[in-house]
Amino acid sequence: MTPLASIRDLRIGAVTDAGREVEIIRGVSLDVAPGEVVALIGESGSGKTTIALSLMGYTRPGCRIESGAVLLDGTDVVGLSPRARAAIRGRTVAYVPQSAAAAFNPSKRLMDQVIEVARIHRLMPPEAARRKAVDLFRALALPDPDTIGDRYPHQVSGGQLQRLSAAMALIGDPRLIIFDEPTTALDVTTQIEVLRAFKSVIRGGAMAGVYVSHDLAVVAQIADRIVVLKDGEVQEEGTSDQIINAPAHPYTRELIAAFEPRSGAVTPGSDVEPAPVLEVRDLTAGYGGIGADGLPRVPVLRDVALRLLPGRNLGVIGESGSGKSTLARCIAGLLPPARGTISLAGRTLAPGTHGRSKDDLRRVQIVFQLADTALNPNRPVGRIVGRPVTFYHGLHGAELEARVDALLDMVRLPRAMKYRLPGELSGGQKQRVNLARALAAEPELILCDEVTSALDTVVAAAVLDLLRELQRELGLSYLFISHDLSTVEAICDDVMVMYQGETVERMAAARMRVGAEHPYSRLLISSVPRLDTGWLDGLEQDAELVAQFARR
Amino acid sequence: MVRIGLGMRISALGLASAVVIAFWGLVAILAPLIVPYDPGKIVDYDYFGPMTEDFLLGTDYLGRDMLSRILMGARYTVGISLAAVSLACFLGVTLGMVAAVIGGLLDQVLSRVIDAFNSIPSKLFGLVVVAAVGSSLPVLVLTLTAIYTPGSYRFARALAVNINAMDFVTVARARGEGLIYLIREEILPNIVGPVLADFGLRFVFIVLLLSGLSFLGLGVQPPYADWGALVQENIGGLPFGAPAVIFPSVAIASLTIAVNMLIDNLPRRIRDRSAP
Amino acid sequence: MSDRDDTNWTVRHDRMVEDAIRRGISRRDFVRTLTAGGVGLAAGGLLLGHAESVLAATPVRGGTIKAAGWSSSTADTLDPAKASLSTDYVRCCSIYNRLTFLDASGTAQMELAESIDSSDARVWTVKLRSGVTFHSGKSFTSADVVYSLKRHLDPATGSKVNAIASQMESIDAVDPQTVRITLKAPNADLPVILSLHHFMMIADGATDFAKPDGTGAFRVEMFEPGVRSVLVRNENYWKAAGPYLDSYEFFAIRDEPARVNALLSGDIQLAGAVSPRSLRLLESQSGVTVVTNTAGNYTNLNMRLDMAPGNNADFVEGVKTLLNRELIQKSVMRGLAEIANDQPVSPASRYYNAELKPRAFDPEKAKHHFQKAGVLGQSIPMICSDAASSSVDMATVIQQAGAEIGMSFDVQRVPSDGYWSNYWLKAPVHFGNINPRPTPDILFSLLYARDAKWNESQFKSEKFDAMLLEARGLLDDAKRKEIYGEMQAMVSNEAGTAIPVWISGVDAMSTKLKGLTANPLGGLMGYAFAEYVWLES
Amino acid sequence: MNLLIARMILQRMGIVLLTLLIVSFAVFAVTELLPGDVVEILLGQSATPEAVAGLRAAMHLDEPAVIRFVKWLGGLATGDLGISYVNKLGVAELIEGRLFNTLKLGGVTALFAVPLALGLGIMAAMFQGSVFDRVVSAATVTVISVPEFMVATAAVLIFAVYLKWLPALSLAGDVGSIGELLRNFAMPVITLTFVISAQMIRMTRASVIDTLNTPYCEMALLKGASRVRLVLVHALPNALGAIANAVALSLSYLLGGVIIVETIFNYPGVAKLMVDAVATRDLPLIQSCAMIFCFGFLMLIMIADIVAILANPRLRG
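Protein chains in written order, with this note's numbering: chain Z, 1 to 552; chain V, 1001 to 1276; chain X, 2001 to 2537; chain P, 3001 to 3317.
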């Protein structure tokens, strides 16, 4: 069978901010057969999106196709005129973007955007296009298919937008659809439904797909073949089963290994319960000032309570909007709660940072999710890590230098890195600096807010290992906030499930998958994709439960 | 959408602009050493004299050497504008960052007052103040500063609000850091690029406003004159294209165009905005 | 008083021609300019003055012009007592009449008065012209004169000539056609004083100057302070001749280049106070012409004799010697000026002391004086402002001359706005600008008498005061001239006022506009042009 | 939706009033601090102490400043702008004609400048990097860099003095027909169009290009949309808020920033009136002019905000 699309020895160059030219795609070749779904998998920077976009004859600003061919139905799109290229886009090959929320024009109605392809290419009269769109909405299981098109992007949920973007891609009956990490921005319970919708339309329309993702488990559910990429080069290529069950390339094996569940609890629970390092009681907090009833006008947390014993870790899980990050901010004193108390080692802390002593502040450190924004991009690593040392412990000069070196050693970073700026570091390195800064204070408790979520799987696993080691060495406690269950499972002793600002269940992390009792916990836990090509098809979820909790 | 092939051309333009700016900067510093004549001395009984070997750029309405006057004028135009823009940006950026970091009522009040100030036309304000208290150098500088501080404040505040929302600032806050540290170490280094670009644009506006004020008769003390005043006092020569009115105009335009061009050709990361 | 005295005019004309030649215009061009401008060229080089009679034969009625002055503000007023800017004077001259007016020779001529007589120069009898009516139709009588003059004595009126008016002890209506004015002390110049623009005759009891009622050649059709005015011909004007224009629009264009451009583009037909620097442009264009008059306006440097450094006579003498009058005349005034000799009576006056020569520019001598005064090496602040015209440039010239002999002047240009109340008469060394006054008596009493309100240099001399009083009461003109001549010498030598040049005024106009001549009371024909000019058909 | 906008307008009006109060107080204070007062200015060279005192009493200026301010504010609240100190005419009467002139000039200028600027700005963004774009960009930079009095004077010389196509002055009165109006306004309008268009072109181009860099514009490109469609359908509606703001700022210049143009063309507008008022220390007039500028500025900004809201369905709610 002749391939529908085929890439031959593609090389793409890019110009960096500094004006240097680098090759980001180095001689990639791959084929997509009609009706086949090929997944491009790799870490950030592996070039997967760039390759996928080249199938549309498109490169992002600053990039340029240096050599090679991108054949679509036998035509090389690289050499086409802009007009001819525009003619194939949306019609022969269509695109489903990573973030549908950003890819929809905020000032136009959804329907107009969905049928725009038909209008641009004059495929059918608008009325017919609208009818077709409604059919697609129905097929994608969107609510109110007849009227949802009249809304504006901000009036529908993220999961719905993602499905609408699929409808937008499907309207021109393309022969190839490019999915660019289409579920990455979604909550797990939402992701399932979107994946199902995608799968059904692809199967039904017999079109080919290129699915770009960093998540093997997701890809396993939808792709026929998987291409593993690293640094702009193909590492391994094979059917989904083959890649997942019998990876040949060491890099692929590393990727798969990162999925293996790890031992959870570091310290076995002793029978005599020591005094908790952190105790939160009846915490109610929110934004918009305090209303007449003594509650915040925009409440985020309602009567949350938790206990964290020394040397143990508590995982807080929940989807976006559950209030888990707000909890961390309250504990750190960044958001003074409306009600409730926070005590550290038995002593009640002042609600805000202003009321807390330097020592209180030192004992609780917070580490944020995005190392990119958590590190001042214009300060060298040494200064970032050194500041808490000076601030809390008053060290200067050689003493400070020595302490910074020790901290970098602790997080397994070369000492020479202290002269670099954060922008010159990789994601994993940044997160290590982020940790080193927290450690510099010599805290008792570290609040980890999604510290591994933005990292690639392999790197995330390494960071988790580091956290575990540090805990062993320094006797820290972690409050671990995440939406990723396997991470929590890997490091925590106890787990607290939050839903819309309230605690729905507390349990031991080890019993999470089997012992969850609250329906929401069960739904959440069952929605995490497994590294098993048959998982999605075999998954049964209580429709009523889904309707109740998942905001799709 | 950016053509890579243009890369070289653009920097050449930027470089040329930088050279022009440096030239005027140098002239401003060295002026007293390089003027061929005393800028206040009437050296020619003719007025609006043509360009001759003796008077390279002709003579002005009193018969003074134009080249000398323009060279000395650079001191005033560049000096006053630079002083005013520096003060305005220092004040505006500092206040803007403080407002962004502290937020709340202070931010509200500051922004309200600044908005009120913004609503008074700048040229009229300059005219009123300078007319009222005279046009000594400090008055000119302070007036121009007052006019351009609000804009600088708004610009810096908008940038600082974005930075202030970043996690690294939150971390510093959680650490218990004070206002000065937050501003100096966390906010400022991250807005300094756009602030510098803004500094350049504001410099251009100040040069132009200063010229405008000089045109309306308020400028530095005789016998010296800034470029705007040179144009104003010689504008009678325009109908017959006297060099005395052409060259100061060219001087103003060359400086302001160069600054604009330089900013437009700064790397995108530094620029980040294209107009006030 | 009504006799015409032309004796000085040949001298004036020669001087004008000389000026023009010095400016670089060829004789032929000059003649062309003047002829085209409506100034006839009589044999023997007699130009102005006589022109009136030559051209008076040909005026044409009809037409409308736009004319632009140089100053205006929202304070523009039609109240003659408050008139302060050229625009006010122009409008008032059109709307009202005075008892007397000054002709081109500077002599008082009768206007609403039929005669003004006195035997002792103290009690004056004014006979009024009969048959004169206001625009409203009301007849002009002695009651109007009494009201018009008396209001200047009331501070609430805000009159500009309150001080001059206060020498009138009583003003009484003898009968409807006769007024008796009794002065506190004799003053032979009363007829001239009454020709001041502020002493316009208004209707008895008038207070609302938004709708002014006068006897003048024009009625107000519209008036917007600070913007413009339109005046239309008074069809019942009492004078036999004029006005010729149907109407005229008057406004100010404060920016001089803009004023010239407006004339060149044909938007206006008459532009007052053109800068000497615009002459080169005007001369290069056809269809425009200029009228120059040296009326006695001057910008002077005042050194207060009661304060350092002016309290040292050597400093004052040094500055007067350091004045490069020729350079000021040539470079600053572009030749449109006559060199003056540090006293306020202009060559246009019949009392001018021609024997008094201006000091020569002599830096070495000046240096000697400064050395004696011990001011060399000090920096003397010198206040100038655009309010005192050309003072900034004059200051620059003095500053430069000083720099060459090691005398440092710190030139401080201050805003026009508020200059007269904040700096003038107050700063130790500053510039002033004095408008033409019709008589030496007014000039001296205003500027040099011991208790003169505007004693710019705080000049105080008992002898001078006595001479002033003596001359004022004298009806013998020759004797007066002698005394005034001596007083001019005293001022030139002893007062702290350095007067470098007499500044000529230049009005530019379309060649189609005829009838405008020079006048000692100022530009635009002493502001009264509207009544006399006409448009060539 | 309408309710929301109505509420926002009300809220804004509150802020406007507050700002006006701040400004009026500031203006009053500054005027009080200016050396010399209206009486001294009025009397000019004849300002003797007695004359000053007499006239000051006659004008009720001997009352304390605060009382005069409160009186003026009270008058303002009842719509009475007061009486000019210097010519005894009502301030409202004085301003009325001038304001009409200013608005007329501003209106005619806006009519030309806004479509021109938006058109050029959008086209430049649409063909970003092309020769057209570079010519427009270079031209705008040049215009921004040249003082406006030079633009104005050069325009007068060329069009009025040498070519004699247009009048050198712009007298607001006696305008019979539209053609005459245009001819009369041509010079100042040309100058002002130059001055304000440059800023608007730059801002329009920049905000359209910013919007073109968003994911939804990339998405539209990947749907096969042409450059023109991309700009007009996708970028422009979203850039509208920013453009409206830029237009409002530029137009606010037409209120008080035109002093130089008013000076050169002798156009009787409010800016010159205010400068006159300052020269004569005519407080009621200064106050009222300042209020007008401030009010106009705030109104324009408010209109821009409303446009931004109408253009954005998210804010529209």
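For every residue, glycine included, the Cβ atom is placed at its ideal position computed from N, Cα and C. These numbers come from a predicted model, not from an experiment.
Going by other Cβ atoms of all chains shown within 10 Å of its Cβ, with 16 needed for buried, is A398 of chain Z buried or exposed?
Along the first sequence, one-based indexing puts residue 398 of chain Z at 398. Looking at its Cβ environment, which holds fewer than 16 other Cβ atoms inside 10 Å, A398 of chain Z is exposed.
Taking Cβ positions, are A332 of chain Z and V277 of chain Z nearer each other than 8 Å?
Mapped onto the first sequence, residue 332 of chain Z falls at position 332. Mapped onto the first sequence, residue 277 of chain Z falls at position 277. For A332 of chain Z and V277 of chain Z, no; Cβs fall outside 8 Å.
Nearest chain C C-beta to V3247 of chain P closer than 8 Å, yes or no?
Structure shown: chain C not included; protein chains present are Z, V, X and P.
Is it a yes or a no for the segment 2504-2516 of chain X touching the segment 2269-2289 of chain X, going by three-plus beta-carbon pairs under 8 Å?
Taking 8 Å as the limit for Cβ pairs, the verdict is that the segment 2269-2289 of chain X does touch the segment 2504-2516 of chain X.
So does the segment 1037-1049 of chain V actually touch the segment 1060-1080 of chain V, counting three or more Cβ pairs closer than 8 Å?
yes
How many angstroms separate the CA atom of I3196 of chain P from the CA atom of L3255 of chain P?
Looking up residue 3196 of chain P in the fourth sequence gives position 196. Looking up residue 3255 of chain P in the fourth sequence gives position 255. Each residue's Cα considered, the two are about 12 Å apart.
Residue-level contact to chain P via CB, V2220 of chain X, 8 Å cutoff
Looking up residue 2220 of chain X in the third sequence gives position 220. So, not an interface residue.
When DSSP builds the beta bridges, which residues end up paired with R432 of chain Z?
In the first sequence, counting from the first residue as 1, residue 432 of chain Z sits at position 432. In the DSSP output, where bridge partners are listed per residue, R432 of chain Z has none listed.
Within-8 Å CB hit, D2255 of chain X to chain P
As a position in the third sequence, residue 2255 of chain X is number 255, starting the count at 1. When Cβ-Cβ separations below 8 Å define contact, D2255 of chain X makes contact with chain P.
Nearest chain P C-beta to P2436 of chain X closer than 8 Å, yes or no?
Along the third sequence, one-based indexing puts residue 2436 of chain X at 436. For P2436 of chain X, the answer is no, since every Cβ of chain P falls outside 8 Å of its Cβ.
State the beta-bridge partners of H2430 of chain X as determined by DSSP.
If you number the third sequence from 1, residue 2430 of chain X lands on position 430. Paired residue(s): X:N2302 and X:I2383.
Mind checking K48 of chain Z: buried by the 16 CB within 10 Å criterion, or exposed?
On the first sequence, position 48 is the one that residue 48 of chain Z refers to. Result: buried.
Give the interface partners of V117 of chain Z over in chain P, defined as CB-CB distance under 8 Å, in chain order.
By one-based count along the first sequence, residue 117 of chain Z stands at place 117. Within chain P, the residues near V117 of chain Z are K3223 and G3224.
Chain-ordered residues of the segment 71-89 of chain Z with a beta carbon less than 9 Å from chain P
P82, R83, R85, A86, A87, I88 and R89
Neighbour-count burial assignment, E424 of chain Z, 16 or more Cβ in a 10 Å radius:
In the first sequence, residue 424 of chain Z corresponds to position 424, counting from 1. Exposed: under 16 other Cβ atoms inside 10 Å.
For chain P, find out if any of its Cβ atoms is closer than 8 Å to the Cβ of S1277 of chain V; answer yes or no.
A query on residue 1277 of chain V cannot be resolved here, the shown segment of chain V reaching from 1001 to 1276 and no further.
By the 7 Å beta-carbon criterion, what residues does the segment 3118-3151 of chain P contribute toward chain X?
none
Spatial distance of G3014 of chain P from F3025 of chain P (CA atoms):
Counting from one through the fourth sequence, the residue named residue 3014 of chain P turns up at place 14. Counting from one through the fourth sequence, the residue named residue 3025 of chain P turns up at place 25. One C-alpha to the other measures close to 17 Å.
Run of the alpha helix (DSSP H) containing P296 of chain Z, from where it starts to where it stops:
Reading the first sequence from its first residue, position 296 is the one you call residue 296 of chain Z. From DSSP, P296 of chain Z is part of no alpha helix (DSSP H) but of the beta strand (DSSP E) over P296 to L308.
What residue range does the beta strand (DSSP E) around Y2248 of chain X cover?
Counting from 1 along the third sequence, the entry for residue 2248 of chain X is found at position 248. Y2248 of chain X -> beta strand (DSSP E) spans S2247 to A2252.
Specify the secondary structure class of S1122 of chain V as computed by DSSP and reduced to three states.
By 1-based counting over the second sequence, the position of residue 1122 of chain V is 122. Helix, per DSSP.
Proximity to S426 of chain Z [Cα-Cα], best of Z:H393, Z:L370 and Z:L445:
Within the first sequence, numbered from 1, the residue matching residue 426 of chain Z stands at position 426. Residue Z:L370 is the option with its Cα nearest to S426 of chain Z.
Using a C-beta cutoff of 8 Å, does H2989 of chain P count as contacting chain Z?
The structure shown does not extend to residue 2989 of chain P, since chain P is modelled only from 3001 to 3317, so the question has no answer here.
According to DSSP, simplified to helix, strand and coil, what is Q369 of chain Z?
In the first sequence, the residue the question calls residue 369 of chain Z occupies position 369. Note: Q369 of chain Z maps to coil in three-state DSSP.
Establish whether the CB of A3172 of chain P and some CB of chain Z are separated by less than 8 Å.
For the purposes of this step, residue 3172 of chain P is identified with residue 172 of the fourth sequence, where counting begins at 1. Unreliable placement is indicated for A3172 of chain P, whose pLDDT of 48 sits below 50; no coordinate value is reported for it.
Residues in its own chain within less than 6 Å of Q2551 of chain X by CB, not counting five upstream and five downstream?
Nothing about residue 2551 of chain X can be reported from this structure: the residues present for chain X run from 2001 to 2537 only.
Would a check of beta-carbon distances place F3185 of chain P closer than 8 Å to chain V?
For this step, residue 3185 of chain P is matched to residue 185 along the fourth sequence. No, F3185 of chain P does not count as interfacial toward chain V.
Presumed contact (8 Å Cβ cut-off) between A2083 of chain X and K2160 of chain X, rounded CB distance
The count along the third sequence starts at 1 and reaches residue 2083 of chain X at position 83. The count along the third sequence starts at 1 and reaches residue 2160 of chain X at position 160. Contact holds; Cβ gap of about 7 Å.
Quick check on R363 of chain Z - is its C-beta less than 8 Å from some C-beta in chain V?
Looking up residue 363 of chain Z in the first sequence gives position 363. No, R363 of chain Z lies away from the interface with chain V (no Cβ there is under 8 Å from its Cβ).
Backbone CA spacing between T284 of chain Z and I178 of chain Z [nearest angstrom]:
Walking along the first sequence from the start, residue 284 of chain Z turns up at place 284. Walking along the first sequence from the start, residue 178 of chain Z turns up at place 178. Distance between the alpha carbons of T284 of chain Z and I178 of chain Z is about 45 Å.
Three-state class that DSSP yields for T2292 of chain X in the structure shown
Within the third sequence, numbered from 1, the residue matching residue 2292 of chain X stands at position 292. DSSP places T2292 of chain X in strand when its eight states are reduced to three.
Could you check which residue in Z:L476, Z:R511, Z:R472 and Z:Y499 has the C-alpha nearest to that of E489 of chain Z?
As a first step, residue 489 of chain Z must be located in the first sequence, where it is residue number 489. Ranking the options by Cα distance to E489 of chain Z, first place goes to Z:R511.
Is it right to say A1012 of chain V is buried, meaning 16 or more other beta carbons lie within 10 angstroms of its own, or is it exposed?
Translated into the one-based positions of the second sequence, residue 1012 of chain V becomes position 12. Exposed, because fewer than 16 other Cβ atoms sit within 10 Å of the Cβ of A1012 of chain V.
Starting from K3071 of chain P, trace the alpha helix (DSSP H) both ways and give me its first and last residue.
Indexing the fourth sequence from 1 puts residue 3071 of chain P at position 71. From DSSP, the alpha helix (DSSP H) with K3071 of chain P extends over A3065 to A3077.
Could you name the residues of chain V that C3217 of chain P contacts, counting a contact when the two beta carbons are closer than 9 Å?
As a working note, residue 3217 of chain P is residue 217 in the fourth sequence. Within chain V, no residue comes near C3217 of chain P; the closest Cβ sits about 10 Å away, beyond 9 Å.
What is the residue span of the beta strand (DSSP E) that Y95 of chain Z lies within?
Counting from one through the first sequence, the residue named residue 95 of chain Z turns up at place 95. Run containing Y95 of chain Z: V93 to V96, per the beta strand (DSSP E) assignment.
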